[in-house]
Amino acid sequence: MGSVAKDGCKLKDLIGAFRRHSRSAFTAGLGILLGAGALLWWTRPLRSDNFVFYLPAARDVLPVRTLGETSYLPLVGVLNLVGKVDALRESSNKLSLWYGDNTLEVRDNNRKVTLNKTSLKLSEPVRFVNGQWLVPVDFLSVVLPRLVKEPIEYRAGDKRIFIGSAKPATFAVRLESLANGARVRVEFTSPLTFQTAARDGKWILYLGDRAIEPLEQKFDFDNPYVSDLRFDDQDGVPKLILTPKTSGLDLYPALEEGGKVLRADILKPAAPATGQATGAAAQSAGPGQAGGAEGPAALPQRPTLPVVVLDAGHGGSDSGAQGPNGVLEKNLVAQIVVRVRTALLATQKYRVILTRMGDTDPDFDQRAIVADTAHAAVFISFHAGNLGFRSPRVAVYTFQPPGGGSTFDPLAPRPLLMPWNEAQTPHLAESQKLAQALEEQLSRLSEIQSGPIQPAPVRVLRSVDAPAIAIEVGSLEPNTDPAPLLDSQFQQKIASAIVSALDAFEGGVS
Ligand SMILES: [Zn+2]
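Remember, this note's numbering sits 155 above the position in the sequence shown when you count from 1.
Here it is in structure tokens:
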């Protein structure tokens, strides 16, 4: 409606203030926030049912249960995330827990928690529902600080808690108008990295490993190119989700100022007549048709070949399983991955991406992000372990969601953003097909024992948004001769089996 020119003069719309916060501000404010918490909690739209725990070396999520008007967390789940429950005893309506040097007692329908004979009061009663002990979320501010030696940052009403010394970064957002688009500047309090993905007409900027505490969750823009920017970490992975106003726009994100500023330019593509994309467009991904099908991301140098992501398990300080004579799982699977990569590239039908280069140990989420941002056609994870006395032997796994069965309904419309920890669910049938194709190839090799395909809660597969399987070769354990596994012919046969399996998988990966 000709609003472009008008908006063009609106320079430097300050959307959010750049603020630093400190731990002391948190603790000082806790009392006041706790009071206001109950109110804030319910006026906030609950977009997800997860609670995120940022731990010193990891992050994890627990499901939030809502009973009446209160949000509850599973007690044993919380304690096992921040430490380890040593023992527990249940009687008719009472649970006693031993946790390090502490004894903790709760009762069903009772607000009182007894910690080492000290009585503490929660805002709402503990509940015992479907075999699970649930505590109201204020357990995190009333009881947890007495159990955990590390500093805790938790704002009542938030669905995230920071445990340990790492101070979360925060950020401010500002919008600027450009001649043919808009620029969103996100200023962080400490440097970070990012990776871009596109899905369902939105751009997703994964913010790497850092713990991030947003001051605001959502920024709405009055702009012809960009609708809003939203922070989301409810699946345990901090990210910004940018929604363009219309389809057909390009995103050019870049880091500036040593990684402290993320600049995202949303531009109208240049008319074809004026030609060439410039070298400045180093990273660009277009969300394509808004509301359209999966990931049409238009990277300028987007590969036309399907991407196969190979994941060598473990690495760095995590050696995995160990055989005699210092044979380590991490090195063995890295060796196999190199052979598989070479075999796949030789076909000239695939592009191959590895989740780790060299002896590093990316966490499960980082491995999945590699696959998801590359729009992997297939993901294969490699492990080695003890598969019994017959060696060599190969086992193929597909992901099994916790609790066994999947509630995924293939006919239901796909949500705009699949929760991160359920990304594999819609692909389970395809993953099964891929596993079968590989199993079929392996069964032809008389010298290798294999099968049957096993569903297993292989964590690295959980968040992969593509057909995904895990392969375990064995046996790698202290009492079995590892020589057959190190044999180049054995490894080459696995590589060839994978190439043939990908060929057979739905008549070739596309
Ligand atoms: Zn392993």
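Each residue gets a CB set at the ideal place from its N, CA and C atoms; glycine is no exception.
L616 versus S274: straight-line alpha-carbon distance, rounded: Approximately 43 Å between the Cα atoms of the pair.
Whole-angstrom distance between T344 and V328, CA atom to CA atom: Computed Cα separation, rounded: 12 Å.
So if DSSP puts D473 in a beta bridge, which residue, or which two residues, is it bridged to? In the DSSP output, where bridge partners are listed per residue, D473 has G470.
Please state whether the Cβ-Cβ distance between L236 and R244 is less than 9 Å. Not a contact, by the Cβ cut-off of 9 Å.
In three-state terms, what does DSSP make of H582? Helix at H582.
Please give me, in chain order, every unbroken run of the beta strand (DSSP E) with length at least 3 that falls completely inside the region 364–425. Annotation: the region 364–425 contains the following complete segments of the beta strand (DSSP E) (minimum length 3 residues), in chain order: 373–375, 381–387, 394–399, 405–411, 416–422.
Quick check on this structure: which residue in I649, R282, N257 has the alpha carbon closest to the alpha carbon of V298? Closest by alpha carbon: N257.
Quick check: G513 and G629, are their CB atoms within less than 9 Å of each other? No. Outside cutoff.
On the criterion of 16 or more Cβ atoms from any shown chain inside 10 Å, does R599 qualify as buried, or is it exposed? Exposed, since its Cβ has fewer than 16 Cβ neighbours within 10 Å.
In the DSSP assignment, what residue or residues form a beta bridge with T258? T258 pairs with W253.
G363 Cβ short of 8 Å to ligand 1 heavy atom set: Outside the cutoff, so no.
Y227 to L384 span [Cα, whole Å]: Between Y227 and L384, the C-alpha separation is close to 29 Å.
In terms of residue numbering, what span does the beta strand (DSSP E) encompassing D620 cover? Secondary structure note for D620: it is in no beta strand (DSSP E), with a DSSP letter that is neither H nor E.
G450 (DSSP reduced to helix, strand or coil): Residue placement at G450 is flagged as unreliable, the pLDDT there being 34, under the threshold of 50; the coordinate-derived value follows with that caveat. Of the three classes helix, strand and coil, the one that applies to G450 here is coil, per DSSP.
Assuming L410 and G540 form a contact by the criterion Cβ under 8 Å, report the distance between their Cβ atoms to the nearest whole angstrom. L410 to G540, Cβ: 39 Å. No contact.
Nearest-angstrom Cα distance between L635 and R340? The question names Leu, but residue 635 in the sequence shown is Thr. C-alpha separation (whole angstroms): 57 Å.
At least three beta-carbon pairs within less than 8 Å, the region 387–406 to the region 362–373: Touching, yes, given that three or more Cβ pairs across the two stretches are closer than 8 Å.
For ligand 1, any of its heavy atoms closer than 8 Å to the Cβ of A523? Within the chosen limit of 8 Å, ligand 1 does not reach the beta carbon of A523 with any heavy atom.
Where V284 falls, given that 16 or more other Cβ within 10 Å makes a residue buried: Burial call: exposed.
Examine ligand 1 and report whether any of its heavy atoms sits within less than 8 Å of the Cβ of G629. No - ligand 1 has no heavy atom lying nearer than 8 Å to the Cβ of G629.
Taking N248 as the reference, give the member of I524, Q350, G286, L234 with the closest Cα. The candidate whose alpha carbon is nearest that of N248 is G286.
Can you tell me where the beta strand (DSSP E) holding E279 begins and where it ends? Unbroken beta strand (DSSP E) run through E279: 273–284.
When we look at the beta-carbon of A212 and count the other beta-carbons within 10 Å, is it buried (16 or more) or exposed? Exposed, by the Cβ-count rule.
For E484, is the beta carbon positioned less than 8 Å from some heavy atom of ligand 1? True, at least one ligand heavy atom lies under 8 Å from that Cβ.
Run the CB neighbour count on V654, radius 10 Å, all protein chains shown included, and call it buried at 16 or more, exposed below. Buried is the call here.
Around the C-beta of N264, are 16 or more other C-beta atoms found within 10 angstroms, so that it is buried, or is it exposed? Residue environment for N264: exposed (fewer than 16 other C-beta atoms within 10 angstroms of its C-beta).
Would you say the beta carbon of G475 comes nearer than 8 Å to a heavy atom of ligand 1? Yes.
Report yes if the C-beta of T221 is less than 8 Å from at least one heavy atom of ligand 2; otherwise report no. With respect to small molecules bound, the structure shown includes ligand 1 and not ligand 2.
What do you reckon, is the C-beta of G132 under 8 Å from a heavy atom of ligand 1? This structure gives no information on residue 132, because the portion of the chain shown stretches from 156 to 665.
Could you check whether the Cβ of G540 sits closer than 8 Å to any heavy atom belonging to ligand 1? Yes; taking the cut-off as 8 Å, the Cβ of G540 has a heavy atom of ligand 1 nearer than that.
Check whether the Cβ of N486 lies closer than 9 Å to any Cβ atom in chain C. The displayed structure is made up of one protein chain only, and chain C is not part of it.
Where S643 and G475 are concerned, what is the direct C-alpha to C-alpha distance, given to the nearest angstrom? Going from the Cα of S643 to the Cα of G475 covers about 21 Å.
Opposite I603 in the DSSP bridges: which residues? Note: I603 sits in no beta bridge, so no partner.
Rounded Cβ spacing between L277 and R266 (contact assumed at less than 8 Å): That pair is a contact at about 5 Å.
Opposing strand residues paired with H538 [DSSP bridges]: E627.
I need the boundaries of the beta strand (DSSP E) containing P229, first residue and last residue. Residues 225–229.
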